[in-house]
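Comments concern the structure below.
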Amino acid sequence: MRTLETALWITNLAIVIGCVMLSRKRRRPVSFCSWAAALSAALSIAQIFTEGYRWQMLPVYAASLAAGGMALYHAGTSRKKTRNAASDMSDNPRPRLRGFKRLMIALVLCLYAILSAALPSLLPVFTFAEPQGTYKVGTTTLMLEDKRREEPATEDRADRRRLMIQIWYPAEAGTGSGKAPYIEHLPIVLEGLRQSISMPPFLLSQLKYVQPYAMQDAEVSRDQERYPVLLFSHGLSGFRNQNTFQVTELASRGYIVVGIDHAYDAAAVVFPDRTAMLKLGNLSGFDAYEEKSRLWVEDAKFVLDELERMSGPAASGFLSGRLDMDKIGMFGHSFGGATAAQMLLADSRVKAALNMDGTLYGQPVPEGGFGKPYMQMNAELSIDRAVFEQSLDRAMASSGRSREDYEQFWAESVERRSRAESGEAHTIIFAHANHMSFTDFYLFSPLLPPKGAEPRQMHSSINALSAAFFDQYVKGDPGASVEKTALSLPGLIRP
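Printed below as a string of structure tokens:
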């Protein structure tokens, strides 16, 4: 819970207990309840106006109303004449009834304490770890349109392929228009996530209060003339902000990071004049994903073309002359990780690629590997044969595909991954982790992460390895070493 949420919860719990205890002792708690109600109301107003209302706090807000009701009740009863002592004694309930009443009150108080704390704690307004680099981080969003390509997801042949990109970059301290939102157009993106992960949007509505360490539209840092460039590609049905923990860290370390929203394959992409909602269709097997892989590779190449134009001598934007287009890397999660790997083969501008738990769809990996620096991060549960076997019956039932199809897919995945590990490649396996451990997703609730894979510790390790990899192979820093960094981190399995 946030600071004022915690203060309000503690205050209201103390008030409810105090009023109940005073009532049991047959005292007139008028003054206590009045002051308590005023304090609770003031804290509620301060919390709502400072931190923002969210439905998970409704039991706590209800206690504030209850405190006010108790104050009014005791104020009314204090005006009545008191009964004499004999009358009080005669009206006292029997000891057994008093004991039952006390038990019920105690149970209600315990239930309130648990429920009112559980909801905001299990669906928290989480905070990101502060980036460890030397730079402040700025961010901005741009729309790009590729006039050479049709949009394959729509029926209108006049539609051109459009993308939204978000750029995170080293920023001048004290500039910008304020803290950037975590996810722009959050309600629309949450509606897209409802389609992809069947999670009702109201369960994640508190994400509107999450604030990354990034300033909106800040000036690019003047510490260096140009900064190396990294492209980021999300997973199928993901979105460009899904790895905010990672992109802000890399930007703080001196990279200009460009996140691509792949329209109609992302949860939702909001353009100025329309929204591209998720349209994945029926995809299964390497052949089915081949066309999708080519589309994403062309997206990434087009973004690089546009970045070259923005940074060129004829450009006048905020990135003019600030991008080091001789030092380019790419990273991604899931299908985006496979796209990053494919870019090693498809575009000579990309010097190194990091694939986070992505099956290597697209052009088959050459026998000797990619021929460029490549790092494969995998979750232990994603490549565990036993886990694959356990999920097979459920997968066949939901997809209608045969066991033979899945066995062929598994064998091809293993073969491609083995080839990718050849040459100048690094392989890192995270113990106890699963596919979504490489994203922000497990910060959304402590109920989500797999046992043994603490998300903040894993994010810290991912950031350390990502920085070491790109420092070594994109920046050319002689002091950077993936191998040395990996040896210093917990929870890794070396193949």
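Counting from 1, position 255 in the sequence shown corresponds to residue 242 in this note's numbering; the numbering is continuous, with no gaps. Don't be surprised by glycine CBs; every beta carbon is placed ideally from N, CA and C.
Considering Cα atoms alone, identify which of the options is closest to residue i.
{"i": "M362", "options": "A328, K134, V124 and R309", "result": "A328"}
{"i": "V234", "options": "Y122, L109 and L332", "result": "Y122"}
{"i": "R149", "options": "K166, F113, A49 and Y251", "result": "Y251"}
{"i": "S21", "options": "D427, V3 and K438", "result": "V3"}
{"i": "F457", "options": "I315, L332, S298 and K438", "result": "I315"}
{"i": "R390", "options": "G439, L379, S400 and W283", "result": "L379"}
{"i": "C6", "options": "Q34, S51, T37 and R41", "result": "S51"}
{"i": "L45", "options": "L26, A100 and I243", "result": "A100"}
{"i": "I152", "options": "P300, H249 and H446", "result": "H249"}
{"i": "G358", "options": "Y393, H413, F396 and G268", "result": "H413"}
{"i": "L173", "options": "T262, G165 and L270", "result": "T262"}
{"i": "R406", "options": "W397, S164, V352 and Q444", "result": "V352"}
{"i": "A486", "options": "F36, Y40, T37 and S27", "result": "Nothing about residue 486 can be reported from this structure: the residues present for the chain run from -12 to 482 only."}
Tell me the DSSP secondary structure of residue i in three-state form.
{"i": "H221", "result": "coil"}
{"i": "Q211", "result": "coil"}
{"i": "Q43", "result": "helix"}
{"i": "E88", "result": "Reading off the sequence, residue 88 comes out as Lys, not Glu. In the structure shown, K88 sits in a helix (DSSP, three-state: H, G or I)."}
{"i": "R296", "result": "helix"}
{"i": "D195", "result": "Residue identity differs from the one stated: residue 195 is Lys in this sequence, not Asp. Three-state DSSP puts K195 in a helix."}
{"i": "D248", "result": "strand"}
{"i": "D260", "result": "coil"}
{"i": "L0", "result": "helix"}
{"i": "E117", "result": "coil"}
{"i": "D311", "result": "strand"}
{"i": "A255", "result": "strand"}
{"i": "E(-8)", "result": "helix"}
{"i": "I32", "result": "helix"}
{"i": "E441", "result": "coil"}
{"i": "K338", "result": "strand"}
{"i": "E278", "result": "helix"}
{"i": "E137", "result": "strand"}
{"i": "I243", "result": "strand"}
Only counting the same chain, and skipping five residues up and downstream in sequence, which positions put a Cβ closer than 7 Å to that of residue i?
{"i": "Y429", "result": "M423, L435, P436 and P442"}
{"i": "A451", "result": "T472 and L476"}
{"i": "Q43", "result": "L106, P107, L110 and Q193"}
{"i": "L(-5)", "result": "L30, S31, Q34 and V47"}
{"i": "K266", "result": "A140 and Y251"}
{"i": "V197", "result": "V112, F113 and Y169"}
{"i": "K462", "result": "P215 and K314"}
Give the DSSP bridge partners of residue i, in chain order.
{"i": "M343", "result": "H320 and M364"}
{"i": "Y156", "result": "G125"}
{"i": "Q203", "result": "T126"}
{"i": "R149", "result": "E132"}
{"i": "A412", "result": "Y361"}
{"i": "F417", "result": "A366 and L479"}
Leaving out the 5 sequence neighbours to the left and right, which residues in its chain are closer than 6 Å to residue i when beta-carbon positions are compared?
{"i": "E206", "result": "E159 and T162"}
{"i": "P360", "result": "A339, E411 and Y460"}
{"i": "P199", "result": "F115, Y169, T231 and T235"}
{"i": "N342", "result": "G324, A327, A328 and Q363"}
{"i": "T127", "result": "I154 and D204"}
{"i": "S208", "result": "Y122, P157, A158 and E159"}
{"i": "R136", "result": "R148"}
{"i": "E295", "result": "M312"}
Going along the chain, which residues of its own chain have a beta-carbon closer than 8 Å to the beta-carbon of residue i, five neighbours each way excluded?
{"i": "E402", "result": "none"}
{"i": "M330", "result": "L218, V284, A287, K288, M317, V337 and A340"}
{"i": "L479", "result": "I415, I416, F417, A418, S448 and A473"}
{"i": "F189", "result": "W42"}
{"i": "L(-9)", "result": "L30, A33, Q34, T37 and E38"}
{"i": "A104", "result": "M(-12) and W(-4)"}
Is residue i close to chain D, meaning its C-beta is less than 8 Å from at least one C-beta of that chain?
{"i": "A340", "result": "Here there is only one protein chain, and chain D is not present."}
At least 3 beta-carbon pairs within less than 8 Å: the segment 110 to 119 vs the segment 136 to 151: no
Inter-stretch contact (C-beta, 8 Å, three-pair minimum) for the segment 341 to 349 and the segment 380 to 391: no
Touch test, the segment 184 to 193 against the segment 264 to 280, Cβ-Cβ under 8 Å, three pairs minimum: no
Contact between the segment 223 to 242 and the segment 164 to 182 (3+ Cβ pairs under 8 Å): yes
Inter-stretch contact (C-beta, 8 Å, three-pair minimum) for the segment 254 to 261 and the segment 303 to 323: no
At least 3 beta-carbon pairs within less than 8 Å: the segment 295 to 312 vs the segment 210 to 223: yes
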